[in-house]
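Colleague:
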Amino acid sequence: MKNAKRLLCLALLFALLPAAAWAATPSFNDIQGHWARDYILAFAAKGLVHGYQDGSFRPDRPISRAEFICILLNCLGITPAPGAKTSAFSDTANHWARAQIAEAVLRGILVPGEYPDGLKPDGPLYRSEAAAMMVRALGKKPATTPATFKDKAQVEKSMYKGYIKTAFDEGLMHGYPDGTFRPFQGVTRGEACAMLTNLLGKFGTPSAPPAATNPSSGGSLTTLNIKGNRYSLGNTAVYLKRDMTNIPISSLSVAGGLLFINNAYTYPLGATVNNPDLVVNNVRYVNCRLSAAGGEVAAEPDAVVVDSFTYDGRKYYADYVKLYIGNKNGDYYLSDAAVLDEHTIRVAGGDYDLATTPVAVALGENFYAVTKIYYDGDNIGLDLVPTAPVVRKGLDLSDISAIFIDNRSISLDNVSSLFFIIDGTAYDLGEAVVDASGSFRADGKNYPPDQVTVVLNKSFYKLKDARNMDGKFVFYCTSSPVAVWAKVNGKYRDAGAIQIFVGSNTYDLKDVLVVQRNVIRVGGRQYKLSDVAGCRIDGKFYALEEVDYDTDLDLATLEVSESSGTWIGGLTNRPQRYVFYLNNTLYRDGAGDDVAIYAAGDWRTLDLITFADPSHFVYDNTTYDLIGAQIKIGDTTFKVTDAAWRVGTQTLEVYLQAP
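Numbering (mature numbering (1 follows the signal peptide of the UniProt record, and there is no 0)) for the sequence shown: -23 to -1, 1 to 636.
1. Where in the stretch 478 to 554 do unbroken runs of the beta strand (DSSP E), each at least 3 residues long, occur, reported from the N-terminal end onward?
2. Can you say whether Thr143 is buried or exposed, counting buried as having 16 or more other CB atoms within 10 angstroms of its CB?
3. Assign Arg166 to one of three DSSP states: helix, strand, or coil.
4. So the candidates are Asp308, Gly307, Ala325 and Asn306; which of them puts its Cα closest to the Cα of Ala315?
5. Return the bridge partner residues of Tyr424 from the DSSP annotation.
6. Here's the rule I'm using: 16 or more other beta-carbon atoms within 10 Å means buried, otherwise exposed. How should Thr562 be labelled?
7. Using only CA atoms, which one of Asn495, Ala472, Val496 and Arg498 lies nearest to Lys487?
8. Under 8 Å Cβ to Cβ from Pro100, same chain only, skipping five residues before and after it: list those, please.
9. Under 8 Å by Cβ, that's how I've got Leu49 and Met110 pegged, so tell me the actual separation to the nearest angstrom.
10. Between Gly448 and chain B, is the shortest Cβ-Cβ distance under 8 Å, so that the two count as touching?
11. Just mark Thr122 as buried or exposed, buried being the case when its beta carbon has 16 or more other beta carbons within 10 Å.
12. Beta-carbon within less than 7 Å of Gly303's beta-carbon, same chain only, minus the 5 sequence neighbours each way: which residues are those?
13. How far does the alpha helix (DSSP H) with Asp146 in it reach, from first residue to last?
14. In this structure, how does DSSP classify Met(-23) when only helix, strand and coil are distinguished?
15. Decide yes or no for the touch test of the stretch 89 to 96 against the stretch 65 to 75: beta carbon pairs closer than 8 Å, at least 3 of them.
16. Could you pull out every residue in the same chain whose Cβ sits closer than 7 Å to the Cβ of Gly341, ignoring the five residues on either side in sequence?
17. Am I right that Ser538 and Ala510 are in contact with their C-beta atoms under 8 Å? What's the rounded C-beta distance?
18. Could you tell me the boundaries of the alpha helix (DSSP H) in which residue 704 lies?
19. Take the Cβ of Trp462 as the centre, count every other Cβ of all protein chains shown within 10 Å, and call the residue buried at 16 or more, exposed below.
20. Kindly list the residues whose CB is nearer than 8 Å to the CB of Ala620, restricted to its own chain and excluding five residues on each side of it in sequence; keep chain order.
21. Quick one: what's got a C-beta closer than 8 Å to Ser227's C-beta in the same chain, skipping five residues either side?
22. Looking at the structure shown, is Ala(-1) part of a helix, part of a strand, or coil, going by DSSP?
23. Which first and last residues belong to the beta strand (DSSP E) in which Met110 is found?
24. Could you give the first and the last residue of the continuous beta strand (DSSP E) run that contains Lys609?
25. Considering only the alpha carbon of each residue, which of Leu395, Phe478, Asp527 and Leu532 lies closest to Thr600?
26. When you compare the CB positions of Gly84 and Tyr309, do they come within less than 8 Å of one another, or not?
27. Taking contact to mean at least 3 C-beta pairs separated by less than 8 Å, is the stretch 276 to 285 in contact with the stretch 254 to 266?
28. With Lys370 as the anchor, note down where its beta strand (DSSP E) starts and where it stops.
29. According to the neighbour-count rule (16 or more other Cβ atoms, all chains shown, within 10 Å of its Cβ), is Arg418 buried or exposed?
Next up, the structure:
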């Protein structure tokens, strides 16, 4: 029933679109075999979409931003006030959808800061934009984990990468058959039908309550008691919070131990979890435990949070207002903060005193410190004071007041290049995101200064600390110890964790001289790439596709590809498992510190050796015969008589002879 209402709201869209765009057609002559055929026909069967006068639907025609915004608002049951307009965009003042655009901005579905050059409402909507709008409309947050599409590099370039991941995880959008997402490709009419079907499916189809057909089982109630405050549905607007949408409550009824809201939404009485959130004025009551007695419904919330507030003449919804605790970047929103008293909030289980812990919100591009919260049982108010930005991005040298290397100050006039390495990825100064506590933000995670490397004038330094002083940053670096760096597939890695295999010999990359592209010199000899068996990075083997040298940064660059982990050019990594047999009977499964092999005049634990083949092992760049070698297990010494390599399980079976 509710789903049908949600679907019917889409019909309003086509009254808003230019009249020339639509012509009523019950079937279409151009969708046979199209992947979106069933989605299109499902909408057409309900009279929600129409084709063109020539009988076509044109499923691959792009849909505009304005059209898509109208669809979302209609899906949410939101009717903007007549004549509403927004000054957030320079190109929407006289647009046919200006009221819908203004409402989308007000509700945080559309963020003006993301369109600095104007919305271009009649321009094609990108898939990444559609993901962001739907995720916000659904009340979800952008994901912090990376996407897994084949065009991940393109997805990572989009400001909506977190929304793309959430839209995929929620089943709102899918990738293409080739595994790509194509974030900068326009959304087609066929895709819009599919996306909207997925979005509307999130609302469910609640059934009518028994009380609607059997009034004697409970009857209608008109009073809601929240924390001792009584509200009459006829006199006070009370809302049910669903996702991020406020639904006006028009009726309450009780039957069979259940509360029915608007004859559509059902909640059990006396439950402790999965209870409704209720909103009165601008106060949101979270997880309200329900009971019914004396002709009224009582709701006891777990917490009180801000639902909305007005500042400088503009209304903001707390679900869309970023919240910062202790001058640190994070994933909190104002709606995550429970109000304990006028000076204390609780966020993620931690209590914060506004007088001792900096708490700030971002309104557009501006930041405000929260100094006090007023709550009188019916309304919540915030004392906001303009403050320096908690999060800075798009930095340039003018945002830095000083850089220190050890105790030496670097003249900013002499800085020709500056970038940061965070978890192996390079970020230009203009790409860096730094909060007021000095932490860096990358890929949805915070990194303290000591996990960041500064590359200043092509030299590498470890960052010790970053401080925000009067709105500008001071970076404190140290010149030692500094890792020897290499670039592997474009990412920076510690060269000490990389080994190169030439024949049966193993060399640390830091000891290898790259003479020219695909030519190296090591151990007094020169080798071509074809002579190199592969490389090992953090214990995992890779095939080496290219080796070169970056003369600007003075480091080796490698292009590698995944290996099966068995044999690379005659050399393998250490077995994942050792199994020892004595007289063809299992003697020992596994090798610990008490297992060693004799090489170079002493006993060597097995983590110090590699294998040139199943019959030869390598220690300190010298190859030894495995057959006939001595192995000590505990205090007993054995002789190796045979060995077998099980490729499928990466197991080395070693056959022993007793002394």
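Cβ atoms here follow ideal geometry from the backbone N, Cα and C, with glycine treated the same way. This one's a predicted model, so the numbers in the text were calculated from it and none came from an experiment.
Modeller: In brief:
1. Counting whole runs of 3 or more residues, the stretch 478 to 554 contains the beta strand (DSSP E) stretches 482 to 485, 490 to 493, 496 to 499, 502 to 505, 509 to 514, 517 to 527 and 532 to 539.
2. Position 166 of the sequence shown holds residue 143. Under this definition Thr143 is a buried residue.
3. Residue numbering aside, residue 166 sits at position 189 when the sequence shown is read from its first letter. In the structure shown, Arg166 sits in a helix (DSSP, three-state: H, G or I).
4. Locating residue 315 in the sequence shown gives position 338, counting from the first residue. The shortest CA-to-CA distance from Ala315 to any of Asp308, Gly307, Ala325 and Asn306 is the one to Ala325.
5. Walking along the sequence shown from the start, residue 424 turns up at place 447. Note: Tyr424 sits in a beta bridge opposite Phe417.
6. Within the sequence shown, residue 562 is the residue found at index 585, counting from 1. With fewer than 16 other Cβ atoms from the protein chains shown falling within 10 Å of its own Cβ, Thr562 counts as exposed.
7. Taking the first residue of the sequence shown as position 1, residue 487 is located at position 510. In terms of CA proximity to Lys487, Ala472 leads the group Asn495, Ala472, Val496 and Arg498.
8. Working through the sequence shown from its first residue, we reach residue 100 at position 123. A small fix is needed here, since residue 100 is Gly in this sequence, not Pro. Closer than 8 Å at Cβ, skipping near neighbours: Ser41 and Arg42.
9. As a working mapping, residue 49 is identified with position 72 in the sequence shown. As a working mapping, residue 110 is identified with position 133 in the sequence shown. Right, their Cβ atoms sit about 6 Å apart.
10. The chain inventory of the structure shown lacks chain B, comprising one protein chain alone.
11. Here residue 122 refers to the residue found at position 145 of the sequence shown. Label assigned to Thr122: exposed.
12. For the purposes of this step, residue 303 is taken as residue 326 along the sequence shown, with counting starting at 1. Exclusion of the five residues before and after Gly303 leaves Thr334, Pro335 and Ser414 as the residues of its chain whose Cβ lies within less than 7 Å of its Cβ.
13. As a first step, residue 146 must be located in the sequence shown, where it is residue number 169. Lys138 to Asp146 is the extent of the alpha helix (DSSP H) around Asp146.
14. Your numbering for residue -23 matches position 1 in the sequence shown. Confidence at Met(-23) is low in this model, with a pLDDT of 38, below 50, so its placement is unreliable and the value that follows should be read with caution. DSSP places Met(-23) in coil when its eight states are reduced to three.
15. Result yes; three or more Cβ-Cβ pairs closer than 8 Å.
16. The sequence position of residue 341 within the sequence shown is 364, counting from 1. Hits under 7 Å: Gly90.
17. Taking the first residue of the sequence shown as 1, we reach residue 538 at position 561. Taking the first residue of the sequence shown as 1, we reach residue 510 at position 533. Taking 8 Å as the upper bound for CB-CB distance, Ser538 and Ala510 are not in contact here, some 14 Å apart.
18. Residue 704 is absent from the model: the chain starts at -23 and stops at 636.
19. On the sequence shown, position 485 is the one that residue 462 refers to. Result: buried.
20. Here the question's residue 620 lines up with position 643 in the sequence shown. For Ala620, where only same-chain residues beyond five positions count, the Cβ hits under 8 Å are Pro591, Ser592, Leu603, Ile604, Leu629, Glu630, Val631 and Tyr632.
21. In the sequence shown, counting from the first residue as 1, residue 227 sits at position 250. Short of 8 Å from the beta carbon of Ser227, and not among the five residues preceding or following it, lie these beta carbons of its own chain, in chain order: Leu210 and Asn239.
22. Counting from one through the sequence shown, the residue named residue -1 turns up at place 23. Low per-residue confidence applies at Ala(-1): pLDDT is 34, beneath 50, and the placement is therefore not dependable enough to give any value.
23. Position 133 of the sequence shown, counted from the first residue, corresponds to residue 110. Element bounds for Met110: not the beta strand (DSSP E) but the alpha helix (DSSP H), Arg104 to Leu115.
24. As a position in the sequence shown, residue 609 is number 632, starting the count at 1. Per DSSP, Lys609 belongs to the beta strand (DSSP E) from Gln607 to Ile610.
25. Within the sequence shown, the letter at position 623 stands for residue 600. The residue with the shortest Cα to Cα distance from Thr600 is Phe478.
26. Residue 84 sits at position 107 when you count from the first residue of the sequence shown. Residue 309 sits at position 332 when you count from the first residue of the sequence shown. Reading off the sequence shown, one finds Arg at residue 84, where the question assumed Gly. Taking 8 Å as the Cβ cut-off, Arg84 and Tyr309 do not qualify as a contacting pair.
27. Output reads yes: the stretch 254 to 266 touches the stretch 276 to 285.
28. Against the sequence shown, residue 370 aligns to sequence position 393. According to the DSSP assignment, Lys370 belongs to the beta strand (DSSP E) that extends over Val368 to Lys370.
29. Within the sequence shown, numbered from 1, the residue matching residue 418 stands at position 441. Buried, since its Cβ has 16 or more Cβ neighbours within 10 Å.
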